[in-house]
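Asks: The sequence shown begins at 137 in our numbering and counts up one residue at a time. Have a look at this one before I ask anything.
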Amino acid sequence: MDNLVQLLLIASLLKGVLGFPDALVFGRVLPGAALSILLGNLFYAWQARRLALRERREDACALPYGINTVSLFAFVFFIMLPVKLQTGDPEAAWRAGLAACFISGVIETAGSLAGGWVRRVTPRAALLSALAGIALTFISMDFAFRIWEKPLVAMLPLGVILLHYFGGARFPGGLPGGLVAVAAGTLLSALVYGLPEVPAPAGLAMPGLWLGPLFSALTGPLAWGHLAVSLPMGLMTLVGSLMNLESAEAAGDRYPTRSSLAVNGAGSLAAALLGSCFPTTLYIGHPGWKALGARSAYSALNGLAITLLVLTGSLAALARLVPEEAVIAILLWIGLVMVAQAFEAVPSRHAPAVALGFVPSVAAWGLLMVQGALRATGSDLQKAGEAAFAAAGMHLPGMIALERGFLFSSMILAALAAALIDGERRRAAGWALAGAVLSWFGVIHAYALTPGGPVSPFGWGRAPGPALGYLAMAAVFLLAGRGRERKPS
Numbered sequence: 137m138d139n140l141v142q143l144l145l146i147a148s149l150l151k152g153v154l155g156f157p158d159a160l161v162f163g164r165v166l167p168g169a170a171l172s173i174l175l176g177n178l179f180y181a182w183q184a185r186r187l188a189l190r191e192r193r194e195d196a197c198a199l200p201y202g203i204n205t206v207s208l209f210a211f212v213f214f215i216m217l218p219v220k221l222q223t224g225d226p227e228a229a230w231r232a233g234l235a236a237c238f239i240s241g242v243i244e245t246a247g248s249l250a251g252g253w254v255r256r257v258t259p260r261a262a263l264l265s266a267l268a269g270i271a272l273t274f275i276s277m278d279f280a281f282r283i284w285e286k287p288l289v290a291m292l293p294l295g296v297i298l299l300h301y302f303g304g305a306r307f308p309g310g311l312p313g314g315l316v317a318v319a320a321g322t323l324l325s326a327l328v329y330g331l332p333e334v335p336a337p338a339g340l341a342m343p344g345l346w347l348g349p350l351f352s353a354l355t356g357p358l359a360w361g362h363l364a365v366s367l368p369m370g371l372m373t374l375v376g377s378l379m380n381l382e383s384a385e386a387a388g389d390r391y392p393t394r395s396s397l398a399v400n401g402a403g404s405l406a407a408a409l410l411g412s413c414f415p416t417t418l419y420i421g422h423p424g425w426k427a428l429g430a431r432s433a434y435s436a437l438n439g440l441a442i443t444l445l446v447l448t449g450s451l452a453a454l455a456r457l458v459p460e461e462a463v464i465a466i467l468l469w470i471g472l473v474m475v476a477q478a479f480e481a482v483p484s485r486h487a488p489a490v491a492l493g494f495v496p497s498v499a500a501w502g503l504l505m506v507q508g509a510l511r512a513t514g515s516d517l518q519k520a521g522e523a524a525f526a527a528a529g530m531h532l533p534g535m536i537a538l539e540r541g542f543l544f545s546s547m548i549l550a551a552l553a554a555a556l557i558d559g560e561r562r563r564a565a566g567w568a569l570a571g572a573v574l575s576w577f578g579v580i581h582a583y584a585l586t587p588g589g590p591v592s593p594f595g596w597g598r599a600p601g602p603a604l605g606y607l608a609m610a611a612v613f614l615l616a617g618r619g620r621e622r623k624p625s
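Given below as structure tokens:
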């Protein structure tokens with residue numbers, strides 16, 4: 137169910153947000169995504185069966201695996217959409233997505249060698265805050281707007297989702313709440329608007345090997361102009377996978393870290409080579425699947441079922457049958473749960489650090505709203521000019537500076553705040569120094585305005601103001617560190 141909803145979501149976002157043609161969505165992206173899901177699921181099924189045989193037991197449950205939800209939204213809204221708006225070319229946006237997926241796969245694969253160290257030095261509050269900031273703004277707000285734009289159909293699935301996931305209600309036969317919500321929305325849409333025309337499956341849609349487009353993207357600005365998104369997303373996928381491995385071990389299934397992470401990264405690399413823009417990941421929820429009785433075979437069956445749906449063209453017909461209004465309530469719920477998790481999965485004393493990490497995400501979302509409003513009137517940021525915004529009481533330079541590389545700056549702000557809360561002032565200074573270095577080289581806060589929107593001019597001395605500001609913060613923390621450090625309560 138998870139992977140099916142993910143693929144329907146991909147189809148909805150690529151067509152509804154990016155305007156991709158069907159040939160690109162159902163002929164390239166989805167076949168590549170399906171095959172990457174199949175490859176990983178087969179490995180993790182084999183891994184679970186091997187564990188069961190080695191330990192002479194039958195209850196070993198395979199690691200859940202599929203498309204990375206957070207990377208999916210981040211790549212669509214922060215990489216592919218800006219490229220599409222700047223060039224007007226769906227092919228260019230697709231190639232940018234391929235490059236981002238490949239870079240994420242490289243980070244995940246390389247991280248299999250140093251995953252433990254990454255987890256030790258990065259506070260959980262920093263990682264979850266960055267994710268929750270995206271969830272609150274780019275996921276939850278957008279889909280909330282869509283629900284209240286079409287309330288006649290969309291609010292019924294929302295009620296089902298809230299009843300099941302927040303209210304704890306169970307449906308007959310143990311049906312998943314998400315499936316009931318989608319079915320209810322689809323039925324109500326058919327009653328209100330009539331059944332859509334659903335053509336017969338178009339036939340086999342086999343994945344291709346897209347080396348040429350991937351190579352051209354990796355050797356041009358499409359890849360390197362968005363490193364401030366693809367790098368932290370790869371890091372978050374790595375750390376999230378480590379957490380899910382720990383969760384599986386706590387449930388009684390101990391899997392090797394290196395091979396599990398390496399195959400996870402290889403799945404993302406395979407996805408990019410096969411035409412998908414979206415990395416794969418180890419899913420949260422292993423204990424739940426194990427409690428339901430899932431073992432090793434469920435993983436292989438999941439991969440095979442998804443692949444058959446996509447390659448036979450059946451998913452394209454299903455995507456046309458299920459209206460957007462039936463799915464968006466699930467997406468709003470996903471966003472809300474991610475926000476809640478950021479506060480619930482960290483020590484309560486770190487809640488202010490999580491909140492501070494939201495600030496760059498809110499700025500990024502606000503800038504997206506401003507740019508959308510300007511485009512609707514035939515203008516852009518460069519035409520309007522910073523002076524016009526200043527006259528209206530809007531601090532546009534600060535908004536853009538916070539938006540550039542906002543995932544990195546969100547992590548840095550939350551991490552240094554968490555360190556200060558724990559009385560670790562030298563560690564906080566280290567995070568501030570990291571902010572200074574990234575600012576100086578233009579990874580965060582540096583920008584130049586173009587007709588297509590802000591761009592990040594990487595190089596020497598690109599954002600000296602923020603760099604010096606972070607240095608001043610580091611100096612304050614270090615000087616204060618000479619005194620008596622407060623221990624966390």
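Heads up, the beta-carbon is just placed ideally off N, CA and C, and yes, glycines get one too.
Taking contact to mean at least 3 C-beta pairs separated by less than 8 Å, is the segment 220-227 in contact with the segment 523-532?
Replies: Flag = no, the segment 220-227 and the segment 523-532 do not touch.
Asks: Quick check: alanine 551 and proline 312, are their CB atoms within less than 8 Å of each other?
Replies: It is not a contact, given that the beta carbons lie outside the stated cut-off.
Asks: Find out if the Cβ-Cβ distance for the pair methionine 277, tryptophan 469 is shorter than 8 Å.
Replies: No, Cβ-Cβ distance for methionine 277 and tryptophan 469 is not below 8 Å.
Asks: Look at the Cβ atom of glutamate 244, then the Cβ atom of leucine 374, and state whether they are nearer than 8 Å.
Replies: Yes, these two residues count as a Cβ contact at 8 Å.
Asks: Per DSSP, proline 590 is paired with what?
Replies: In DSSP, proline 590 forms a bridge with Leu585.
Asks: Could you check what DSSP says for tyrosine 606 in three-state terms: helix, strand or coil?
Replies: Here tyrosine 606 sits in helix by DSSP.
Asks: When you compare each of Thr393, Glu480, Asp195 and Leu288 to alanine 387 by their alpha carbons, which one comes out closest?
Replies: It is Asp195 whose Cα lies nearest to the Cα of alanine 387.
Asks: If phenylalanine 613 and alanine 537 are in contact, beta carbons under 8 Å, what's the gap, nearest whole angstrom?
Replies: So it is not a contact: roughly 22 Å between Cβ atoms.
Asks: So which of Val579, Ala572 and Pro368 has the shortest CA-CA distance to glycine 361?
Replies: Selected option, being the one with the closest Cα: Val579.
Asks: Of all the options Gly514, Ala616 and Arg540, which has the alpha carbon lying nearest to the alpha carbon of glutamate 560?
Replies: Ranking Gly514, Ala616 and Arg540 by Cα distance to glutamate 560 puts Ala616 first.
Asks: Under the assumption that methionine 342 contacts proline 167 (Cβ atoms under 8 Å), give the Cβ distance between them as a whole number of angstroms.
Replies: At roughly 6 Å, the Cβ-Cβ gap stays under 8 Å, so methionine 342 and proline 167 are in contact.
Asks: Is the number of C-beta pairs between the segment 483-497 and the segment 260-279 that are closer than 8 Å three or more?
Replies: Yes: at least three Cβ pairs fall under 8 Å.
Asks: Mark lysine 220 as exposed unless 16 or more other C-beta atoms lie within 10 angstroms of its C-beta, in which case mark it buried.
Replies: So lysine 220 counts as buried.
Asks: Give the C-beta separation of phenylalanine 209 and isoleucine 275 to the nearest angstrom, bearing in mind that I take them to be a contact with Cβ-Cβ under 8 Å.
Replies: About 6 Å; that satisfies the 8 Å criterion.
Asks: Which value, in whole angstroms, describes the spacing of the CA atoms of serine 172 and glutamate 460?
Replies: Those two C-alpha atoms are separated by around 25 Å.
Asks: According to DSSP, simplified to helix, strand and coil, what is isoleucine 203?
Replies: Isoleucine 203 falls in the strand class under three-state DSSP.
Asks: Beta strand (DSSP E) containing leucine 418: first to last residue?
Replies: Taken as a continuous stretch (DSSP letters only), the beta strand (DSSP E) holding leucine 418 covers 416-418.
Asks: Please return the same chain residues whose Cβ sits closer than 6 Å to the Cβ of proline 590, not counting the five positions on each side in sequence.
Replies: Here the set comprises Ile536 and Tyr583.
Asks: Where does proline 332 sit, in a helix, a strand or coil, going by DSSP?
Replies: The answer is coil: DSSP assigns proline 332 none of H, G, I, E or B.
Asks: Does the count of Cβ pairs from the segment 440-459 and the segment 400-420 closer than 8 Å reach three?
Replies: Cβ pair count under 8 Å is below three, so no.
Asks: What are the complete alpha helix (DSSP H) segments, minimum 4 residues, inside the segment 241-320?
Replies: Runs found: 260-270, 278-285 and 287-297.
Asks: Going by the beta-carbon positions, is the gap between alanine 430 and serine 592 smaller than 8 Å?
Replies: Contact flag unset, no.
Asks: For valine 482, I'd like the list of residues in its chain whose CB is within less than 7 Å of its CB, leaving aside the five on either flank, ordered along the chain.
Replies: Arg260, Ala261, Leu264 and Val490.
Asks: Cα separation between alanine 188 and proline 392?
Replies: Whole-angstrom Cα-Cα distance: 14 Å.
Asks: Can you give the Cα-Cα distance for proline 349 and arginine 231, rounded to whole angstroms?
Replies: Their backbone Cα atoms lie some 6 Å apart in a straight line.
Asks: With DSSP as the reference, label valine 463 as helix, strand or coil.
Replies: If DSSP states are grouped into helix, strand and coil, valine 463 belongs with the helices.
Asks: By DSSP, does cysteine 237 sit in helix, in strand, or in coil?
Replies: Three-state DSSP puts cysteine 237 in a helix.
Asks: Among Ala603, Ala610, Ala478 and Trp576, which one has its Cα closest to the Cα of glycine 595?
Replies: Residue Trp576 is the option with its Cα nearest to glycine 595.
Asks: Alpha carbon to alpha carbon, how far is glutamate 382 from proline 423? Give it in angstroms, no decimals.
Replies: Straight-line Cα distance between these residues: approximately 11 Å.
Asks: Does the beta-carbon of alanine 198 have 16 or more other beta-carbons within 10 angstroms, so that it is buried, or is it exposed?
Replies: Flag for alanine 198 reads buried.
Asks: Please classify lysine 426 as buried or exposed, where buried requires at least 16 neighbouring CB atoms within 10 angstroms.
Replies: Classification for lysine 426: buried.
Asks: What whole-angstrom Cβ distance do methionine 547 and proline 368 have, given they're in contact under 8 Å?
Replies: Between proline 368 and methionine 547 the Cβ distance is about 6 Å, and since that is below 8 Å, they are a contact.
Asks: Please name the residue in Gly403, Gly295 and Arg306 whose C-alpha comes closest to that of asparagine 204.
Replies: With distances taken between Cα atoms, asparagine 204 lies closest to Gly403.
Asks: Put alanine 509 into one of helix, strand or coil per three-state DSSP.
Replies: Looking at alanine 509 - three-state DSSP - the assignment turns out to be helix.
Asks: Under three-state DSSP, which class holds phenylalanine 525?
Replies: In this structure, phenylalanine 525 counts as helix in the three-state DSSP scheme.
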